[in-house]
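Okay, structure first, notes after.
Numbering (the numbering used here), first residue to last: 5 to 284.
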């Protein structure tokens, strides 16, 4: 395999939305064919997904109980360079801000500091809230008021808890992973999920790249992307590693994994997951 890209639309995303990941994968592959780096291809694929409001990232982000979108995004390449933003507000493409953080002295910027950094680097003020996300918040808030906090783990299955993400390999054999999310609902103010934690939502190294999606708290507890990456380092194929990662969870837990190494790709999930792969 000379180059490749895999894109997912989040655990729980209907397979009939796979045109979204397909469009994103095509954009990323076009970049790779022109000699682009895996890190930029993974970020580009994720950017395309952020601009598709059918998915829970960027413009499609779910809103928290206070009515705002708080977004996380991360990018990592196989040379251990990474950039993360968490709790980012009023910015169109969080993954591109995370990509810019990779060029700074830091790895992780959060909240107001991430917003300030975005503005200083040319990212204009942007309201990601849409009529659809406001309607979803209204319905979700009504349901939440009828329930109680001990019910949250079960309620999570009834709302969008997914992310979007991509993994890529370029013509020089370099790997990268990127992910972006609007979080979950319901969520307390201050909640940060797996995408912002390197090794949990995404991971890349010399042997490949992995991106995970699903219930962030469950992904964090198993440091899932790094765990799946280690499976590939120990000789499993990208598909075998993804399958083994998913097998760590009960089928009732919403989890999805995409992976790539020098010889192939992997896609696995406990539920429906819109996805697309391109290799050559």
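Where a beta carbon is used, it is the ideal one built from N, C-alpha and C, also for glycine.
Cutoff 7 Å; reference residue i; Cβ partners in own chain excluding five residues on either side
i	result
residue 226	252
residue 268	5, 241, 242, 243
residue 113	89, 105, 121
Exposure label - residue i; buried when at least 16 CB within 10 Å
i	result
residue 218	buried
residue 173	buried
residue 192	exposed
residue 43	buried
residue 176	exposed
residue 103	buried
residue 142	exposed
residue 158	Per-residue confidence for residue 158 stands at a pLDDT of 44, beneath the threshold of 50, marking its modelled position as unreliable; the derived number appears in the next sentence. When all chains shown are included, residue 158 counts as exposed.
residue 194	exposed
residue 160	Confidence at residue 160 is low in this model, with a pLDDT of 46, below 50, so the placement of that residue should be treated as unreliable; the coordinate-derived value is given next. Buried.
Under 8 Å between C-beta atoms of residue i and residue j
i	j	result
residue 131	residue 98	no
residue 20	residue 52	no
residue 250	residue 274	yes
residue 89	residue 47	no
residue 17	residue 277	yes
residue 229	residue 22	no
residue 15	residue 263	no
residue 50	residue 168	yes
Proximal residues to residue i (C-beta, below 6 Å), its chain only, five neighbours per side dropped
i	result
residue 33	9, 282
residue 36	7, 45, 174
residue 96	130
Distance, residue j Cα to residue i Cα
i	j	result
residue 255	residue 125	43 Å
residue 135	residue 66	11 Å
residue 83	residue 213	11 Å
residue 61	residue 166	9 Å
residue 233	residue 209	8 Å
residue 78	residue 11	15 Å
residue 4	residue 197	The question about residue 4 has no answer here: the residues shown for the chain are numbered 5 through 284.
residue 91	residue 203	18 Å
residue 221	residue 39	37 Å
Cβ neighbours of residue i in the same chain (closer than 8 Å, five flanking residues each side left out)
i	result
residue 247	270, 272
residue 178	41, 42, 43, 81, 82, 83
Tell me, please, whether the segment 54–62 touches the segment 101–114 by the rule of three or more beta-carbon pairs shorter than 8 Å. no
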